[in-house]
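First the structure, in the form of structure tokens, and then the observations on it.
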Amino acid sequence: AKKHNTQKYAYFDDTLEQKMAWRLGMAQQLRADFKAQKLQLWFQPQIDLQTTKVVGCEGLLRWPTENGNMISPDIFIPIAEHSGLIIEIGDWVIEQACREIKQLENLGITKIKISVNVSIAQFRDPTFSKKLVHTIESFNVNPELIELEITESILMNNPNAVINVLNQLKAHGIQIALDDFGTGFSSLSYLNKLPLSRMKIDRSFVQDMDSGNGKTIVQTILSLGQKLTLKTIAEGVETETQAQYLTELGCDIIQGYLYSKPLPPEDFKLFIEQSLK
Ligand code: C2E
Ligand code: CA
Ligand code: CA
Ligand code: CA
Numbered sequence: 018a019k020k021h022n023t024q025k026y027a028y029f030d031d032t033l034e035q036k037m038a039w040r041l042g043m044a045q046q047l048r049a050d051f052k053a054q055k056l057q058l059w060f061q062p063q064i065d066l067q068t069t070k071v072v073g074c075e076g077l078l079r080w081p082t083e084n085g086n087m088i089s090p091d092i093f094i095p096i097a098e099h100s101g102l103i104i105e106i107g108d109w110v111i112e113q114a115c116r117e118i119k120q121l122e123n124l125g126i127t128k129i130k131i132s133v134n135v136s137i138a139q140f141r142d143p144t145f146s147k148k149l150v151h152t153i154e155s156f157n158v159n160p161e162l163i164e165l166e167i168t169e170s171i172l173m174n175n176p177n178a179v180i181n182v183l184n185q186l187k188a189h190g191i192q193i194a195l196d197d198f199g200t201g202f203s204s205l206s207y208l209n210k211l212p213l214s215r216m217k218i219d220r221s222f223v224q225d226m227d228s229g230n231g232k233t234i235v236q237t238i239l240s241l242g243q244k245l246t247l248k249t250i251a252e253g254v255e256t257e258t259q260a261q262y263l264t265e266l267g268c269d270i271i272q273g274y275l276y277s278k279p280l281p282p283e284d285f286k287l288f289i290e291q292s293l294k
């Protein structure tokens, strides 16, 4: 039995080593490609259910490989977080969002919000809010057009420090959305303390809407959001039925493949120009 165990551990060590080597390789490649400006920020439209017009978008990172495929952010974001690179990448994401807002302005489109995802590691960076405000000012962008998407996990340790930073940003006009609502720790006790303007219902709830109690759960989340006077956004909307349900339940905004996948900046501009016609 002892020998067996040793073998098992040896095997485990090997894969762990392999895993670490893979991670390290990926982190080095990511750093190199980021420096070589190969990362892209794509935009997924958000549609107002009342007017059926685009009112905003979510910025989503894309990492193209040599052969033209994309590495999923679900794979490389954790690597960027682990290696610390997410700080620089996150700064760049905010710059890209500001750049896009300016480019839209040049096309006469002035009211499209851009939401960006922020990692907990960015909040731990003591210069985060200062850099953010500075970037927005230097691009001369209306801060109300920039929204940070935070998840409940951000409150895991030191919630008061995070709430402080968020309050400062809010005071500058920057908007805050609670992302993936309902999937993380129950942060109901923090809902009151966070300076939120919007609540995003996670895709998993939207996808379950046509089975069992799925619709009731979405209804309950929406009414919580509405009572807290937050705008509600449903993400991952793929079917007309889902959009129909969400309209009936009074959801404000939807985002999902039904309207559009995330688009490269050029296609996004075309999409908006079409939508606003
Ligand atoms: P998320 O913030 O929950 O983003 C929504 C994800 O759902 C995106 O995946 C989007 O492409 C996908 N999606 C949108 N509509 C639909 C739909 O109708 N059906 C389905 N099946 N999926 C849909 P994506 O782009 O792969 O991003 C994955 C995650 O990576 C994001 O989840 C976010 O947590 C993270 N991420 C992406 N960009 C950034 C970034 O700039 N910074 C940070 N920190 N995280 C990012
Ligand atoms: Ca998000
Ligand atoms: Ca989300
Ligand atoms: Ca999600």
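Counting in the numbering used here, the sequence shown runs from 18 upward without gaps.
Backbone N, C-alpha and C define an ideal beta-carbon position, used for all residues, glycine too.
From a predicted model like this one, the values you see are computed outputs, not experimental measurements.
- Beta-bridge partners of valine 133 (DSSP): Gly76 and Leu165.
- Counting of Cβ neighbours within 10 angstroms places tyrosine 274 among the exposed residues, the total staying below 16.
- The beta carbons of alanine 194 and glutamate 166 sit closer together than 9 angstroms.
- Listed in chain order, the non-local C-beta contacts of isoleucine 180 below 7 angstroms within the same chain comprise Lys210 and Leu211, local neighbours out to five positions each way being set aside.
- Note on proline 281: under 16 other CB atoms within 10 angstroms of its CB, so exposed under the neighbour-count rule.
- A residue is called buried once 16 or more other Cβ atoms fall within 10 Å of its Cβ, and proline 81, having fewer, is exposed.
- Under the three-state reduction of DSSP, alanine 194 is assigned to strand.
- Distance from the CA atom of methionine 37 to the CA atom of asparagine 134, rounded to whole angstroms, is 26 angstroms.
- Exclusion of the five residues before and after isoleucine 137 leaves Ile171 as the residues of its chain whose Cβ lies within less than 6 angstroms of its Cβ.
- In summary, methionine 173 is exposed, with fewer than 16 beta-carbon neighbours lying within 10 Å of its beta-carbon over all protein chains present.
- Between aspartate 225 and glycine 199, the CB-CB gap reaches or exceeds 9 angstroms.
- Sixteen is the threshold: since fewer than 16 other Cβ atoms of the shown chains lie within 10 Å of the Cβ of lysine 147, the residue is exposed.
- Here the alpha carbons of leucine 266 and leucine 47 stand approximately 42 angstroms from one another.
- By the CB criterion at 9 angstroms, glycine 190 and asparagine 159 fall inside the cutoff.
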